[in-house]
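Colleague:
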Amino acid sequence: MSNGNTGPTSRGRQAETWACTKSTSGSGRDNAGCDHRHPPVRCMWACPPPALPPGTFLNTATWQHSGLTEQLDLQQFALRQRKAKRRSRSEVHLLRWPKSPWHRKRRLAGASGRGESRLGWGQGSHPDQTPELPGSQKQQKQLLIHRALTRDPVDVESLREAAFSQGGLLTDEIRRKVWPKLLSVNVYSLPPKPGREVRQNHKDYNQVVLDVRRSVRRFPPGMPEEQRRVLQEQLIDVILQVLREHPELHYYQGYHDIAVTLLLVAGERMAVALLEKLSLLHLRDFMDPTMDSTKHILNYLMPILQRESPRLHDFMRRSEVGTIFALSWLITWYSHVLADMHHILRLYDFFLASHPLMAVYFAAAIVLYREEEILACECDMASVHQLLSRLPQDLPYEALVVQAQRLFRCLPHTALAREAALQRHKSISISSFSEFQQATLCQRPDAILRQQQQQQQQLQHSLASRVMEAGDEILLPAERSRLVKAAVWGITASLGAAALAVTQTALEWGPEFLLQLF
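Okay, so the sequence shown: first residue is 3 according to the numbering used here, each after it adds one.
(1) So, are the CB atoms of residue 264 and residue 283 less than 8 Å apart?
(2) Do residue 217 and residue 262 have their beta-carbon atoms positioned less than 8 Å apart in this structure?
(3) In angstroms, rounded to a whole number, what distance separates the CA positions of residue 290 and residue 214?
(4) Does any residue of chain C have a CB that is nearer than 8 Å to the CB of residue 247?
(5) Exposed or buried, which one is residue 250 when buried takes at least 16 other CB atoms within 10 Å?
(6) Determine, using beta carbons only, whether residue 455 and residue 190 come nearer to each other than 8 Å.
(7) Where does the unbroken alpha helix (DSSP H) through residue 243 begin, and where does it stop?
(8) Quick one: residues in its chain with C-beta nearer than 6 Å to the C-beta of residue 75, no 5 flanking neighbours on either side, listed in chain order?
(9) Return helix, strand or coil for residue 322, following the three-state DSSP convention.
(10) Where residue 469 and residue 462 are concerned, what is the direct C-alpha to C-alpha distance, given to the nearest angstrom?
(11) Output needed for residue 204: all residues of its chain with C-beta closer than 6 Å, excluding positions within five of it in sequence on either side, in chain order.
(12) Counting Cβ pairs, one atom from each stretch, are 3 or more of them under 8 Å apart for the region 153-168 and the region 408-420?
(13) Considering only the beta carbon of each residue, do residue 431 and residue 287 sit closer than 8 Å?
(14) Suppose contacts are defined by Cβ-Cβ distances below 8 Å. Is residue 137 in contact with residue 351 by that definition?
(15) Using only alpha-carbon positions, find the residue among 266, 220, 207 that is nearest to residue 246.
(16) Where does residue 390 sit, in a helix, a strand or coil, going by DSSP?
(17) Go through its chain and collect everything with a Cβ distance to residue 164's Cβ below 7 Å, but skip five positions before and after it.
(18) Counting only runs of 4+ residues fully inside the region 179-225, write out the alpha helix (DSSP H) ranges in chain order.
(19) Can you tell which of 396, 327, 186 has the C-alpha that lies nearest to the C-alpha of residue 162?
(20) Looking only at its chain, what residues have a beta carbon closer than 6 Å to the beta carbon of residue 273, apart from the 5 residues adjacent to it on each side?
(21) Alpha carbons only, please: which of 235, 224, 359 is nearest the one belonging to residue 415?
(22) Count Cβ pairs between the region 377-390 and the region 398-407 that sit closer than 8 Å; are there 3 or more?
(23) Answer yes or no: do residue 348 and residue 399 have a C-beta to C-beta separation smaller than 8 Å?
(24) Mark residue 232 as exposed unless 16 or more other C-beta atoms lie within 10 angstroms of its C-beta, in which case mark it buried.
(25) Where residue 278 and residue 182 are concerned, what is the direct C-alpha to C-alpha distance, given to the nearest angstrom?
(26) Measuring only the C-alpha atoms, how far is residue 447 from residue 308?
(27) Please report the residue range of the alpha helix (DSSP H) in which residue 2 lies.
(28) Based on Cα-Cα distance, which residue from 390, 202, 194 lies nearest to residue 537?
(29) Whole-angstrom Cβ separation of residue 338 and residue 256, contact assumed at under 8 Å?
(30) Taking 8 Å as the threshold (C-beta atoms), are residue 166 and residue 355 in contact?
(31) Which word fits residue 197, buried or exposed, when buried means at least 16 other C-beta atoms lie within 10 angstroms of its C-beta?
(32) Ordered along the chain, which non-local residues of its own chain (more than five positions away) have a Cβ less than 7 Å from that of residue 327?
(33) For residue 381, name the three-state secondary structure that DSSP assigns.
(34) State the Cα-Cα distance for the pair residue 451 and residue 238, rounded to the nearest angstrom.
(35) Closest to residue 376 by C-alpha separation, out of 464, 227, 313, would be which residue?
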């Protein structure tokens, strides 16, 4: 083979065009055609490329894959690829062979201006539902999270980035360390375990019990009934504890779906602290005595759709479907409508690290993803509402997270509020988020918090010892003996209580370990 009709080529660059001049006496075709045995560069006969394994590196002169009649020797091709990779990147530009039609569609959408906003969604495209991180990337991410947690102050921005990125926070063990930092909760100053007194004379007790009793499907399948009942009793106490501490908060149906997720991951005491923070910030508008604030949050949905897809927005307006279909999505952070706990936890990682309105932007991403499906149904309220209220379980969650972030960046809620006249209603969640976000940047790492707690305990013990010594000097021998006995009994009781507290804390911080036993 020769490259007769092409210009001169250097050692570092391959020819842009190859003219095949095999004679009929050879094993290939005559010079009116091509024998497909030339190196993998652009051929004047438009030959298809060889069938390559996913992830193989090709240069920019590679064709679109369309099959071939004779495959190139893969060993020779691999040798050429290794040589090409050693060349300067200024001479040979490398890219990865697309692994699936979804990846190709996303690449094309990203290079086509406005198509980038849709991430290639529509008819004929279906991404991987929940792609798993390779082991090396997972270990690298765990290391980055560990470094962020041990910095002083804690690198909360890096923790947020980890929660945003593919796979979220990966494991429940990591979530128990990161979720408190995202919500500015001190794990060494948790509220006490709720007692039975929280149930006494509480106005929401009966409704909470009814909702918790109906939440059987929210617990892991296969869990023994006795263990589930214990967790349900803890769930009731967690909810009532937060409501009793903050009388301005009003219970709503769906609040227990968020509480049970926190309980299963973090344990009872930690769940109380996390739920309290969420109730005062992200969920605050849902806990007003009326639905006015909740309707205000839902009203951000249609302006987003109008900016992204006027056609879809007009269709939904004509159908008069409104936004009530997304109510359960927002007030439960999608945990009431999703069956897979893995997907629920992925979204909780995302929402805990985001603005309180991110759940609305995620709802808009879902509706935009289903645009063709919506436009294909009857334009009436019953049909559209039935379609939208049934959330598919095979949604591309990672792609939706990326889409929601892009919408939040490109369509800030302040601009939407001006356009839709939403600024007249003051949202507590929105107005207080900036101050809260700044406060999270001043947290100390757990190692220092633990050290401070130990120093405080030592100081208290030292002060107590000095008080006992000072009082002991003025006591009679008989009184001194009785005091020593009382002190010994008190120390023994304190040690026993401390051991019990450590055991209970260990059980609370390891719920998934208990679940593995069943």
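We put the CB at the ideal spot given by N, CA and C, even for glycine. Nothing here was measured: the structure is a model prediction, and the numbers come from that model.
Modeller: The structure says:
(1) no
(2) yes
(3) 21 Å
(4) The displayed structure is made up of one protein chain only, and chain C is not part of it.
(5) So residue 250 counts as exposed.
(6) yes
(7) 227-247
(8) Model confidence at residue 75 stands at a pLDDT of 44, short of 50, so the residue's coordinates are unreliable; what they give is reported in the following sentence. There are no such residues.
(9) coil
(10) 11 Å
(11) 242
(12) no
(13) yes
(14) no
(15) 207
(16) helix
(17) 143, 146, 147, 171
(18) 207-215
(19) For residue 162, the closest of 396, 327, 186 by C-alpha to C-alpha distance is 186.
(20) Taking C-beta separations shorter than 6 Å and ignoring five residues to either side along the sequence, the partners of residue 273 in its chain run 240, 264, 265, following chain order.
(21) 359
(22) no
(23) Less than 8 Å divides the Cβ of residue 348 from the Cβ of residue 399.
(24) exposed
(25) Whole-angstrom Cα-Cα distance: 12 Å.
(26) Straight-line Cα distance between these residues: approximately 44 Å.
(27) This structure does not reach residue 2, given that the chain is present from 3 up to 520, and the question cannot be answered.
(28) Nothing can be reported for residue 537: it is not among the residues displayed for the chain, which extend from 3 to 520.
(29) 6 Å
(30) In this structure, residue 166 lies closer than 8 Å to residue 355 by Cβ.
(31) exposed
(32) 387, 390, 391
(33) coil
(34) 30 Å
(35) 313
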